[in-house]
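Asks:
So, in structure tokens, the structure goes:
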């Protein structure tokens, strides 16, 4: 019995380690002291982070492409997703089934094939690829995350609260803004955080849809990796990991509040 | 029904986005796959091209590697999923982070991690050489691609399984244990059958993401271990053979939908047989 337990925990721990290994390797390598990839690093330094902030292609990709893109996508997806979730909660019957299927399709459809389909779609319409065409594609794949977390938030809210507000003389819009919306706040925010991350980490759509001049950070990392072995690339990848990790922790705190 | 029109209006923006950017482009791919690259007339040549041994071998490899990765994930994800599902709130938060951070990190970043471990003097290459399993660099090997594919799918698998295991009432396991069933027996006859929905959704998710993987084989597979998404990429952006790319995309999509359909059917008949 005891042996079984320790075997269970040991194998669970090994799987967790396997999952975290590439992330650990990237972060450790970016703190290395030599000019080549070195894992485990024999000496530690901050050289590659200094180099990262002096390398224009990376700073541009991070500060002028990926971050503003992800912020825009998060805002747009949150608005679109909030309305979609509120509408879906009230739909019934066949229409509800069709809408649910349509809204989960962007999650199921293989992303690389979606990227190809959109590339060909834009090309045949003679739409030039720019940051907006990429942003639209990101909104497509990020909104289902908002819908999911708002729907989860809605299920925890008693309908009678908004009803009570209306009985006390509030208009439906007032009841929504002052009762439902504040109760949904953490669901909406954690949806927004996930939408941000989906855009910030995307590569499968960006491969086909990013145009010259707006290379996202993951695209830049992939392009540079094919030319050189430079720990500055690992530092750029670490920046990706830090942003994602902080936001995942934030989302967990937000959704923790929903449950409590 | 109160607010029927309001609800439709409220789902409309995303319905338009999904229609314009998913449904129409997907139909466009279908139409393009039957189009002659030169004359734009109807043709089946784009599909016939895939029967060439070069493309067939890549598609077969894609299915084989995706299946292998998914099976490995299923086996090694179970203990972690079980511990995660049954953990106390504190440890559960930490374990969830351990799953969510790799899940949300860009696949490019994770491939860089594997690349560092598997280049000529990477740690895993050196270990493999000293064990005598592999003579040189691991990069460009099937092993490298599978290791990275498994890691990529693991978070999906762990979350799918954990969601299913959480729904199994704990007293079922305790009852079996009280009746002197061994933990192994409880696993095979209680936990495993009752987590079937999680196994099914995990299998479908992981097979889907592995079979359509581009970045991992492109960054770790070298010239030898090519997968189907790379053919699509090369057709679109290198050879400018768009109808060819459309046909390969359709074959992949149809294969994935078939597997989805068969698994859902298999899941259903088993459920019905049980009830």
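Chains as they are written, first to last, in this note's numbering: chain A, 1 to 260; chain B, 261 to 535.
Even glycine gets a Cβ: it sits at the ideal position worked out from N, Cα and C.
So, under 8 Å CB-CB, residue 199/A and residue 254/A are touching, yes? Tell me the CB distance rounded to an integer number of Å.
Replies: Reading the first chain from its first residue, position 199 is the one you call residue 199/A. Reading the first chain from its first residue, position 254 is the one you call residue 254/A. So it is not a contact: roughly 18 Å between Cβ atoms.
Asks: Give a yes or no on whether 9 Å exceeds the smallest Cβ distance from residue 257/A to chain B.
Replies: Counting from 1 along the first chain, the entry for residue 257/A is found at position 257. Any reading at residue 257/A is ruled out, since the residue's pLDDT is 49, under 50, leaving its predicted position unreliable.
Asks: Could you compute how far the alpha carbon of residue 423/B sits from the alpha carbon of residue 244/A?
Replies: Against the second chain, residue 423/B aligns to sequence position 163. Against the first chain, residue 244/A aligns to sequence position 244. About 23 Å.
Asks: Residues of the stretch 312 to 323 of chain B with a CB closer than 8 Å to any CB of chain A: list them in chain order, please.
Replies: Under the 8 Å Cβ criterion, the stretch 312 to 323 of chain B contributes no residue.
Asks: Rounded to a whole number of angstroms, what is the C-alpha to C-alpha distance between residue 54/A and residue 156/A?
Replies: On the first chain, residue 54/A is found 54 positions in, with the first residue counted as 1. On the first chain, residue 156/A is found 156 positions in, with the first residue counted as 1. About 48 Å.
Asks: Is residue 44/A helix, strand or coil by DSSP?
Replies: As a working mapping, residue 44/A is identified with position 44 in the first chain. If DSSP states are grouped into helix, strand and coil, residue 44/A belongs with the strands.
Asks: Out of 248/A, 106/A, 66/A, which has the shortest C-alpha to C-alpha gap to residue 285/B?
Replies: On the second chain, residue 285/B is found 25 positions in, with the first residue counted as 1. Of the candidates 248/A, 106/A, 66/A, the one whose C-alpha sits nearest the C-alpha of residue 285/B is 106/A.
Asks: In or out: residue 413/B buried (at least 16 other Cβ within 10 Å) or exposed?
Replies: As a first step, residue 413/B must be located in the second chain, where it is residue number 153. Label assigned to residue 413/B: buried.
Asks: Given a cut-off of 9 Å on the beta-carbon distance, is the pair residue 276/B and residue 118/A in contact?
Replies: Sequence index remark: in the second chain, residue 276/B carries index 16 (1-based). Sequence index remark: in the first chain, residue 118/A carries index 118 (1-based). Result no, Cβ atoms of residue 276/B and residue 118/A do not sit closer than 9 Å.
Asks: Can you name the start and end residues of the alpha helix (DSSP H) that residue 437/B belongs to?
Replies: In the second chain, counting from the first residue as 1, residue 437/B sits at position 177. That run of the alpha helix (DSSP H) goes 430 to 438.
Asks: Three-state secondary structure (DSSP) at residue 4/A?
Replies: Counting from 1 along the first chain, the entry for residue 4/A is found at position 4. Here residue 4/A sits in helix by DSSP.
Asks: Apart from the five residues just before and just after residue 290/B, which ones in its own chain have a Cβ nearer than 7 Å to its Cβ?
Replies: Looking up residue 290/B in the second chain gives position 30. Correct list, in chain order: 510.
Asks: Using a Cβ cut-off of 9 Å, pull out every chain B residue sitting near residue 240/A, in sequence order please.
Replies: Position 240 of the first chain, counted from the first residue, corresponds to residue 240/A. Ordered by position in chain B, the residues that pass the 9 Å Cβ test against residue 240/A are 365, 366, 368, 369.
Asks: Please check the pair residue 203/A and residue 469/B, which I expect to be a contact at CB under 8 Å, by giving their CB distance rounded to whole angstroms.
Replies: For the purposes of this step, residue 203/A is taken as the residue at position 203 of the first chain. For the purposes of this step, residue 469/B is taken as the residue at position 209 of the second chain. Actually they are not in contact, since the Cβ atoms of residue 203/A and residue 469/B sit about 13 Å apart, beyond 8 Å.
Asks: Tell me which same chain residues have a C-beta within less than 6 Å of the C-beta of residue 417/B, skipping the five on either side of it?
Replies: The residue labelled residue 417/B in the question sits at position 157 within the second chain. Hits under 6 Å: 333, 337, 462, 466.
Asks: Hey, how far is the Cα of residue 232/A from the Cα of residue 30/A?
Replies: What you label residue 232/A is simply residue 232 of the first chain in a count that begins at 1. What you label residue 30/A is simply residue 30 of the first chain in a count that begins at 1. Taking the straight line joining both Cα atoms gives about 7 Å.
Asks: Where DSSP assigns a beta bridge to residue 295/B, which residues make up the other side?
Replies: Numbered from 1 along the second chain, position 35 holds the residue referred to as residue 295/B. Note: residue 295/B sits in a beta bridge opposite 302/B.
Asks: Sorted by chain position, which residues of the same chain lie with C-beta nearer than 7 Å to residue 264/B's C-beta, five sequence neighbours on each side aside?
Replies: The residue labelled residue 264/B in the question sits at position 4 within the second chain. So the list is empty, once near-sequence residues are dropped.
Asks: Where residue 121/A and residue 225/A are concerned, what is the direct C-alpha to C-alpha distance, given to the nearest angstrom?
Replies: Indexing the first chain from 1 puts residue 121/A at position 121. Indexing the first chain from 1 puts residue 225/A at position 225. Residue 121/A and residue 225/A: Cα-Cα distance of roughly 29 Å.
Asks: What are the start and end residues of each continuous alpha helix (DSSP H) run of 4 or more residues lying completely inside the stretch 190 to 224 of chain A, in chain order?
Replies: Segments of the alpha helix (DSSP H) lying fully in the stretch 190 to 224 of chain A: 206 to 209.
Asks: Pick helix, strand or coil for residue 32/A, following the three-state DSSP scheme.
Replies: As a first step, residue 32/A is located in the first chain; it is residue number 32 there, counting from the start. In this structure, residue 32/A counts as strand in the three-state DSSP scheme.
Asks: Taking just the CA atoms, how far does residue 141/A sit from residue 522/B?
Replies: In the second chain, counting from the first residue as 1, residue 522/B sits at position 262. In the first chain, counting from the first residue as 1, residue 141/A sits at position 141. About 26 Å.
Asks: Give me the Cα-Cα distance between residue 484/B and residue 401/B, rounded to the nearest whole angstrom.
Replies: Along the second chain, read from residue 1 onward, the residue named residue 484/B stands at position 224. Along the second chain, read from residue 1 onward, the residue named residue 401/B stands at position 141. Answer to the nearest angstrom: the Cα atoms are 8 Å apart.
Asks: Using a Cβ cut-off of 7 Å, which residues of the stretch 402 to 413 of chain B contact any Cβ in chain A, in chain order?
Replies: From the stretch 402 to 413 of chain B, only 411 have a Cβ closer than 7 Å to chain A.
Asks: Scan the stretch 64 to 110 of chain A and note each continuous alpha helix (DSSP H) run of 4 residues or more that stays entirely inside, going in chain order.
Replies: Segments of the alpha helix (DSSP H) lying fully in the stretch 64 to 110 of chain A: 67 to 90, 93 to 108.
Asks: State the DSSP-derived secondary structure class of residue 510/B, mapped to helix, strand or coil.
Replies: Translated into positions along the second chain, residue 510/B becomes position 250. Residue 510/B: helix per DSSP, three-state reduction.
Asks: Can you list the residues of chain A that residue 303/B reaches, using a CB-CB cut of under 7 Å?
Replies: Locating residue 303/B in the second chain gives position 43, where the first residue counts as 1. Going along chain A, no residue has its Cβ under 7 Å from residue 303/B, so there is no contact; the nearest lies around 17 Å.
Asks: Within the chosen definition, does the stretch 402 to 410 of chain B reach the stretch 361 to 378 of chain B through at least 3 CB pairs nearer than 8 Å?
Replies: The answer is yes - the stretch 361 to 378 of chain B touches the stretch 402 to 410 of chain B, with three or more Cβ pairs under 8 Å.
Asks: When burial is assigned at 16 or more other CB atoms within 10 Å of the CB, is residue 398/B buried or exposed?
Replies: Position 138 of the second chain, counted from the start, is the residue given in the question as residue 398/B. It counts as buried.
Asks: Of the residues 460/B, 489/B, 481/B, which one's Cα is nearest the Cα of residue 472/B?
Replies: Working through the second chain from its first residue, we reach residue 472/B at position 212. Answer by Cα proximity: 489/B.
Asks: Could you tell me which chain A residues have their CB closer than 7 Å to the CB of residue 281/B, listed as they occur along the chain?
Replies: In the second chain, counting from the first residue as 1, residue 281/B sits at position 21. Within chain A, the residues near residue 281/B are 118, 136, 137, 140.
Asks: Within a Cβ cutoff of 6 Å, which residues of the same chain sit near residue 261/B, ignoring the five residues on either side of it in sequence?
Replies: Locating residue 261/B in the second chain gives position 1, where the first residue counts as 1. Caution is warranted here: a pLDDT of 41 is assigned to residue 261/B, below 50, making its placement in the model unreliable, and the coordinate value is therefore given only provisionally. Here the set comprises nothing.
Asks: Does the stretch 264 to 273 of chain B come close enough to the stretch 62 to 69 of chain A that 3 or more CB-CB pairs lie under 8 Å?
Replies: With a cut-off of 8 Å, the stretch 264 to 273 of chain B and the stretch 62 to 69 of chain A do not count as touching, because too few Cβ pairs lie within range.
Asks: Assuming residue 374/B and residue 404/B are in contact, meaning their beta carbons sit under 8 Å apart, how far apart are those beta carbons, in whole angstroms?
Replies: Stepping through the second chain from its first residue, residue 374/B is reached at position 114. Stepping through the second chain from its first residue, residue 404/B is reached at position 144. 7 Å between Cβ atoms; contact.
Asks: Around the Cβ of residue 138/A, are there at least 16 other Cβ atoms within 10 angstroms (buried) or fewer (exposed)?
Replies: Residue numbering aside, residue 138/A sits at position 138 when the first chain is read from its first letter. Result: buried.
Asks: Comparing the C-beta of residue 252/A with each C-beta of chain B, is any distance below 9 Å?
Replies: For the purposes of this step, residue 252/A is taken as residue 252 along the first chain, with counting starting at 1. Closer than 9 Å: yes.
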